[in-house]
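Contents: one structure, followed by commentary.
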Amino acid sequence: MKYVDEFRDGDVAARLAEAIARESDTGRSYAFMEFCGGHTHAISRYGVTDLLPANVRMIHGPGCPVCVLPIGRIDMAIRLVLERPEVILTTYGDCLRVPASNQLSLLKAKAQGGDVRMVYSAADALALAQKHPEREVVFFAIGFETTTPPTALVIKQARTMGLKNFSVICNHVLTPSAIMTILESPEVRELGTVPLDGFIGPAHVSTIIGSKPYAFFAEEYRKPVVIAGFEPLDVMQAIRMLVRQVNEGRAEVENEFTRAVDEHGNLKAQALVSEVFELRRSFEWRGLREVPYSALKIRDGFGEQDAERKFGLEFTSVPDNKACECGAILRGVKKPTDCKIFGTVCTPENPMGSCMVSSEGACAAHYNYGRFRDVPVVAA
Ligand code: SF4
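For the sequence shown, the residue numbers in this note's numbering are 5 to 384.
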């Protein structure tokens, strides 16, 4: 297949659905976690779950970077931009609407006079610093392994250019640590309330880290992993491959997304990331709490580009809104529709939790594509 439409072909999807139904064992159930928010979005948008037999269930994972950002990190950025008028705080659009403490968000901080600006890329933030040498430009960087290399690049470029007014608040997090935390969670290990038979591995993240890092989960935890692209047929083929592995008692890493992912990933990007970043001892994730060695910080050699050091920023942990079930949803324990305020008080226009902000968030995906309605939606 060469063109994206071919990965959305309805007839092929129907045949794949038949194959999954035929190959699945009606005497048992299957529960697979799609780790990545991109897959959650694709599953909702194309109605993939409506095509699956009743005994094959998909569970949303924590792989949405905006969703896992804890309130305390947003609070930190808000304090900076409100207390330091020389600062221009830049970040990606979705971050602006994540609810923070005191009913604030970065967007509301902007309304209160903070100079908060949306950028499309880390490079845009760097360009802004070049354009405004009289101001301090801070890039609030978020994301998994996919968006980390561009952040590393701008940090390196800023140092090479001797640009003193550019720095980064680094919130980059690591996929394998999150998968490990899910597998070690009481709900999976002891209580059995989240039955997990395997994972759909992320697409874009795996182009950077390769397929090798997932081998540990397959070998040590006996959980099959199938890396899949973001198109509906990619996801359905991956589900079929997972069903087969479970039926055959195999726990291996398989790669459905061979058109973009290999075993080793992008070595150049990995080298750049390890030149600029090192592991944080611990990092708080929304839903998963403190996870050891699960995020990156800027190395000492690039200290001038580290906004946390430059401005003496301190992280304070803040509990989530009590009405919001994002934490449980990100651990796979609950579904968006389990939240009492889903689609009523909390909507994409007025998000009360981070899972309703980004299109990759489980709540936004369910809301936008009618997953909560009785009538199934099989979008084109
Ligand atoms: S619907 Fe809103 S409040 Fe409820 S879990 Fe989702 S994001 Fe949180």
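Using N, Cα and C, we set each Cβ at its ideal position, and we do this for glycine too.
Everything numeric in this text was worked out from a predicted model, so none of it was measured.
Quick check: the Cα distance between residue i and residue j, rounded to an integer number of angstroms?
{"i": "residue 319", "j": "residue 252", "result": "47 Å"}
{"i": "residue 16", "j": "residue 237", "result": "8 Å"}
{"i": "residue 19", "j": "residue 178", "result": "36 Å"}
{"i": "residue 293", "j": "residue 323", "result": "10 Å"}
{"i": "residue 211", "j": "residue 39", "result": "15 Å"}
{"i": "residue 351", "j": "residue 28", "result": "36 Å"}
{"i": "residue 138", "j": "residue 269", "result": "40 Å"}
{"i": "residue 314", "j": "residue 114", "result": "22 Å"}
{"i": "residue 329", "j": "residue 198", "result": "16 Å"}
{"i": "residue 263", "j": "residue 219", "result": "20 Å"}
{"i": "residue 148", "j": "residue 181", "result": "11 Å"}
{"i": "residue 367", "j": "residue 166", "result": "43 Å"}
{"i": "residue 299", "j": "residue 47", "result": "27 Å"}
{"i": "residue 13", "j": "residue 195", "result": "40 Å"}
{"i": "residue 89", "j": "residue 82", "result": "12 Å"}
{"i": "residue 191", "j": "residue 163", "result": "45 Å"}
{"i": "residue 60", "j": "residue 25", "result": "9 Å"}
{"i": "residue 32", "j": "residue 71", "result": "32 Å"}
{"i": "residue 65", "j": "residue 334", "result": "6 Å"}
{"i": "residue 133", "j": "residue 168", "result": "9 Å"}
{"i": "residue 140", "j": "residue 63", "result": "42 Å"}
{"i": "residue 193", "j": "residue 354", "result": "36 Å"}
{"i": "residue 305", "j": "residue 130", "result": "19 Å"}
{"i": "residue 349", "j": "residue 224", "result": "42 Å"}
{"i": "residue 241", "j": "residue 144", "result": "36 Å"}
Is residue i near residue j, with beta carbons less than 8 Å apart?
{"i": "residue 290", "j": "residue 336", "result": "no"}
{"i": "residue 373", "j": "residue 360", "result": "no"}
{"i": "residue 288", "j": "residue 301", "result": "no"}
{"i": "residue 170", "j": "residue 274", "result": "no"}
{"i": "residue 243", "j": "residue 36", "result": "yes"}
{"i": "residue 280", "j": "residue 160", "result": "yes"}
{"i": "residue 91", "j": "residue 100", "result": "no"}
{"i": "residue 142", "j": "residue 111", "result": "no"}
{"i": "residue 265", "j": "residue 215", "result": "yes"}
{"i": "residue 120", "j": "residue 96", "result": "no"}
{"i": "residue 317", "j": "residue 80", "result": "yes"}
Take residue i and list the residues in its own chain whose beta-carbon comes closer than 8 Å to its own, dropping the five residues that flank it on each side.
{"i": "residue 42", "result": "67, 206, 207, 208, 234 and 364"}
{"i": "residue 285", "result": "296 and 297"}
{"i": "residue 338", "result": "329 and 332"}
{"i": "residue 128", "result": "94"}
Taking 7 Å as the limit between beta carbons, can you name the residues of its chain near residue i, skipping five residues before and five after?
{"i": "residue 10", "result": "none"}
{"i": "residue 277", "result": "152, 153 and 156"}
{"i": "residue 116", "result": "86"}
{"i": "residue 380", "result": "Note that residue 380 has pLDDT 43, beneath the 50 cutoff, so the model's placement of it is unreliable and the number below is only indicative. Cβ within range, chain order: 51 and 54."}
{"i": "residue 345", "result": "327 and 356"}
{"i": "residue 267", "result": "214, 215 and 216"}
{"i": "residue 125", "result": "154"}
{"i": "residue 256", "result": "222, 228 and 249"}
{"i": "residue 307", "result": "313"}
Taking C-alpha atoms, which residue in the options lies nearest to residue i?
{"i": "residue 98", "options": "109, 131 and 270", "result": "109"}
{"i": "residue 200", "options": "25, 221 and 172", "result": "221"}
{"i": "residue 311", "options": "172, 247 and 215", "result": "172"}
{"i": "residue 204", "options": "14, 34 and 30", "result": "34"}
{"i": "residue 303", "options": "325, 239, 174 and 96", "result": "174"}
{"i": "residue 23", "options": "245, 130 and 224", "result": "245"}
{"i": "residue 49", "options": "224, 239, 164 and 305", "result": "239"}
{"i": "residue 254", "options": "261, 226, 271 and 241", "result": "226"}
{"i": "residue 150", "options": "176, 342, 130 and 133", "result": "176"}
{"i": "residue 325", "options": "358, 316 and 306", "result": "358"}
{"i": "residue 146", "options": "80, 272, 57 and 69", "result": "69"}
{"i": "residue 362", "options": "30, 45 and 7", "result": "45"}
{"i": "residue 30", "options": "7, 57 and 8", "result": "57"}
Shorter than 8 Å from the beta carbon of residue i to some beta carbon of chain D?
{"i": "residue 341", "result": "The question asks about chain D, but that chain is absent: this structure has only one protein chain."}
Under 6 Å Cβ to Cβ from residue i, same chain only, skipping five residues before and after it: list those, please.
{"i": "residue 55", "result": "21"}
{"i": "residue 249", "result": "228"}
{"i": "residue 259", "result": "215, 231 and 265"}
{"i": "residue 384", "result": "Confidence at residue 384 is low in this model, with a pLDDT of 39, below 50, so the placement of that residue is unreliable and no value is reported for it."}
{"i": "residue 261", "result": "207, 231, 232 and 233"}
{"i": "residue 118", "result": "85 and 86"}
{"i": "residue 343", "result": "329"}
{"i": "residue 202", "result": "36, 227, 228 and 246"}
Quick one: is the Cβ of residue i within less than 7 Å of any heavy atom of the ligand FAD?
{"i": "residue 357", "result": "As for the ligand FAD, it is missing from this structure, which binds only the ligand SF4."}
Exercise for the section: Please confirm if the segment 150-161 is in contact with the segment 183-192, defined as three or more CB-CB distances below 8 Å between the two stretches. Expected result: By the C-beta criterion, the segment 150-161 is judged not to be in contact with the segment 183-192, since fewer than 3 inter-stretch pairs fall below 8 Å.
Practice task
Check whether the segment 67-79 touches the segment 89-108, taking contact to mean three or more Cβ pairs, one atom from each stretch, closer than 8 Å.
Solution key: Between the segment 67-79 and the segment 89-108 there are three or more C-beta pairs closer than 8 Å, enough to call the two in contact.
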